[in-house]
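Participant: Here it is, the structure in full.
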Amino acid sequence: MDASVLPDSLDVPPEHALLVVDMRNYSQLPEAKMAPIRADLDDIILNTVFPHSGLDDPRSREGAYRDTGDGAICVVPARDTARLVDPLLGHLNAALSRYDQSRLRGGSAIWVRVSVHVGPLSLPDHRGDAINEACRLVDSQAVRQAMTAATKHGAYVAAVLSGPVFDRTVHAGRTPHLQQTHFLTAVARVEGKSFEQPCQLHVPGMAAETLQGYVTERPPAADAVPADPPPAPAGSGTTMQFLGSMKDTNVIGSVGTYYHNSPGR
Numbered sequence: 015m016d017a018s019v020l021p022d023s024l025d026v027p028p029e030h031a032l033l034v035v036d037m038r039n040y041s042q043l044p045e046a047k048m049a050p051i052r053a054d055l056d057d058i059i060l061n062t063v064f065p066h067s068g069l070d071d072p073r074s075r076e077g078a079y080r081d082t083g084d085g086a087i088c089v090v091p092a093r094d095t096a097r098l099v100d101p102l103l104g105h106l107n108a109a110l111s112r113y114d115q116s117r118l119r120g121g122s123a124i125w126v127r128v129s130v131h132v133g134p135l136s137l138p139d140h141r142g143d144a145i146n147e148a149c150r151l152v153d154s155q156a157v158r159q160a161m162t163a164a165t166k167h168g169a170y171v172a173a174v175l176s177g178p179v180f181d182r183t184v185h186a187g188r189t190p191h192l193q194q195t196h197f198l199t200a201v202a203r204v205e206g207k208s209f210e211q212p213c214q215l216h217v218p219g220m221a222a223e224t225l226q227g228y229v230t231e232r233p234p235a236a237d238a239v240p241a242d243p244p245p246a247p248a249g250s251g252t253t254m255q256f257l258g259s260m261k262d263t264n265v266i267g268s269v270g271t272y273y274h275n276s277p278g279r
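Residue numbers (this note's numbering): 15 to 279.
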């Protein structure tokens with residue numbers, strides 16, 4: 015390749031939005047069921063949920079779709095970030111619910127953890143921190159705890175949003191069906207990794223108050239109003255020395271002890 019068309023190492027790659035999907039307990043499936051269930055998940059996401067959410071098939075862009083084995087990474091233009099949150103999360107949960115209700119006896123339901131992130135990313139080589147951060151988010155303990163809550167309350171999706179995504183979508187009023195009260199503030203950490211980021215958790219159909227009972231990865235509580243400082247020990251006040259006569263009565267009235275060194279003393 016001509017060196018003139020290679021990206022400069024100082025160039026910031028274009029921003030993209032990322033959706034990372036990871037199937038719960040995929041590795042525990044019998045080997046014979048793995049490929050069919052993965053194919054079903056791709057069909058649900060790419061042929062049903064994406065079109066219903068107003069999103070183009072990521073496979074139409076080079077490097078914008080990657081099979082991760084137990085899930086997938088989808089890259090969409092940054093302008094579509096809000097659609098990855100609303101309506102996509104609700105559509106995905108509804109589609110997986112229908113799949114569970116219609117599956118044959120002996121088939122397996124599909125539960126997924128989902129992360130939504132936005133940041134600079136080079137395509138098709140996926141260079142950039144954004145993809146690493148999105149994968150850390152979906153693997154975090156916080157969203158795993160949310161997944162436990164989802165399975166116990168009849169939901170199929172546990173989602174984690176990065177701070178920038180939440181600010182640009184939910185907080186900015188770009189999610190008509192989801193408000194800030196539908197999300198639980200948490201901290202995303204991954205065991206064995208030096209990764210810690212504030213995040214927002216969401217389980218479709220579940221109140222944040224209910225989700226709170228399952229999530230321990232929370233930010234520290236805001237400190238209470240600090241108590242008044244203890245009184246200073248006697249004799250610890252500041253000694254003020256004025257080299258001259260004091261005539262300002264306001265200053266004199268506010269100084270308890272002072273030394274007046276008159277000339278000639």
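Beta carbons are placed, not taken as given, at the ideal position from N, Cα and C, and that holds for glycine.
Is it the case that the Cβ atoms of residue 135 and residue 202 are separated by a distance below 8 Å?
Facilitator: Taking the first residue of the sequence shown as position 1, residue 135 is located at position 121. Taking the first residue of the sequence shown as position 1, residue 202 is located at position 188. Not a contact, by the Cβ cut-off of 8 Å.
Participant: Looking at chain C, is there any beta carbon in it that lies within less than 8 Å of the beta carbon of residue 170?
Facilitator: Among the chains of the structure shown, chain C does not appear; only one protein chain is present.
Participant: Which one or two residues does DSSP pair with residue 210 in a beta bridge?
Facilitator: Taking the first residue of the sequence shown as position 1, residue 210 is located at position 196. Partner(s): 203.
Participant: Alpha carbon to alpha carbon, how far is residue 76 from residue 23? Give it in angstroms, no decimals.
Facilitator: As a first step, residue 23 is located in the sequence shown; it is residue number 9 there, counting from the start. As a first step, residue 76 is located in the sequence shown; it is residue number 62 there, counting from the start. Cα-Cα distance, rounded: 21 Å.
Participant: Since residue 171 contacts residue 204 with CB under 8 Å, what's their CB separation in whole angstroms?
Facilitator: Within the sequence shown, residue 171 is the residue found at index 157, counting from 1. Within the sequence shown, residue 204 is the residue found at index 190, counting from 1. Not really, about 20 Å apart at Cβ, beyond 8 Å.
Participant: Once DSSP output is grouped into helix, strand and coil, what is the label at residue 85?
Facilitator: Start at 1 with the first residue of the sequence shown, and residue 85 comes out as number 71. Here residue 85 sits in strand by DSSP.
Participant: With a threshold of 16 other CB atoms inside 10 Å of the CB of residue 147, please say whether the residue is buried or exposed.
Facilitator: Stepping through the sequence shown from its first residue, residue 147 is reached at position 133. Buried, by the Cβ-count rule.
Participant: So within the segment 30-74, which uninterrupted beta strand (DSSP E) runs reach at least 3 residues, ignoring any that extend past its ends?
Facilitator: Counting whole runs of 3 or more residues, the segment 30-74 contains no beta strand (DSSP E) stretch at all.
Participant: Which residue spans inside the segment 73-135 form an unbroken alpha helix (DSSP H) run of at least 4?
Facilitator: The segment 73-135 contains these whole alpha helix (DSSP H) runs: 95-99, 102-116.
Participant: In terms of alpha-carbon separation, which member of 83, 79, 34 lies closest to residue 41?
Facilitator: By one-based count along the sequence shown, residue 41 stands at place 27. The shortest C-alpha separation from residue 41 is found at 83.
Participant: Considering Cα atoms alone, identify which of 34, 126, 138 is closest to residue 165.
Facilitator: Residue numbering aside, residue 165 sits at position 151 when the sequence shown is read from its first letter. Considering only alpha carbons, the answer is 126.
Participant: Along the chain, where does the alpha helix (DSSP H) containing residue 172 start, and where does it finish?
Facilitator: By 1-based counting over the sequence shown, the position of residue 172 is 158. Careful: residue 172 lies outside any alpha helix (DSSP H), inside the beta strand (DSSP E) at 171-176.
Participant: Skipping 5 residues on each side, what residues in its chain have a beta carbon closer than 8 Å to that of residue 212?
Facilitator: On the sequence shown, residue 212 is found 198 positions in, with the first residue counted as 1. Excluding sequence neighbours, residue 212 sits near 177, 199, 200, 201, 202, 233.
Participant: Where residue 181 and residue 49 are concerned, what is the direct C-alpha to C-alpha distance, given to the nearest angstrom?
Facilitator: Residue mapping note: residue 181 aligns to position 167 of the sequence shown, counting from 1. Residue mapping note: residue 49 aligns to position 35 of the sequence shown, counting from 1. Distance between the alpha carbons of residue 181 and residue 49: 37 Å.
Participant: Which partner residues does residue 141 have in the DSSP bridge list?
Facilitator: In the sequence shown, counting from the first residue as 1, residue 141 sits at position 127. Per DSSP, 136.
Participant: Taking 8 Å as the cut-off, does the segment 139-146 touch the segment 108-125 (at least 3 CB pairs, one atom from each stretch)?
Facilitator: These segments do not touch.
Participant: Could you tell me which of 67, 57, 90, 34 sits nearest to residue 74, measuring between CA atoms?
Facilitator: Indexing the sequence shown from 1 puts residue 74 at position 60. Answer by Cα proximity: 90.
Participant: So what does DSSP say about residue 192, is it helix, strand or coil?
Facilitator: Position 178 of the sequence shown holds residue 192. Reduced to three states, the DSSP call for residue 192 is coil.
Participant: Per DSSP, which residues does residue 198 bridge with? Please list them.
Facilitator: Mapped onto the sequence shown, residue 198 falls at position 184. In the DSSP output, where bridge partners are listed per residue, residue 198 has 215.
Participant: Given a cut-off of 8 Å, decide if residue 195 and residue 222 are closer than it, judged by their beta-carbon atoms.
Facilitator: For the purposes of this step, residue 222 is taken as residue 208 along the sequence shown, with counting starting at 1. For the purposes of this step, residue 195 is taken as residue 181 along the sequence shown, with counting starting at 1. Yes. Within cutoff.
Participant: What is the rounded straight-line gap between the Cα of residue 94 and the Cα of residue 168?
Facilitator: What you label residue 94 is simply residue 80 of the sequence shown in a count that begins at 1. What you label residue 168 is simply residue 154 of the sequence shown in a count that begins at 1. Rounded to whole angstroms, residue 94 to residue 168 spans 28 Å at the Cα level.
Participant: Go ahead and label residue 119 buried or exposed: buried means 16 or more other beta carbons lie within 10 angstroms of its beta carbon, across all protein chains shown.
Facilitator: Locating residue 119 in the sequence shown gives position 105, where the first residue counts as 1. Exposed.
Participant: Within 10 Å of its beta-carbon, does residue 30 have 16 or more other beta-carbons around it, so buried, or fewer, so exposed?
Facilitator: The sequence position of residue 30 within the sequence shown is 16, counting from 1. Buried.
Participant: Could you work out which residue in 132, 219, 184, 52 is closest to residue 121 when comparing CA atoms only?
Facilitator: Within the sequence shown, the letter at position 107 stands for residue 121. Cα-wise, what sits closest to residue 121 is 52.
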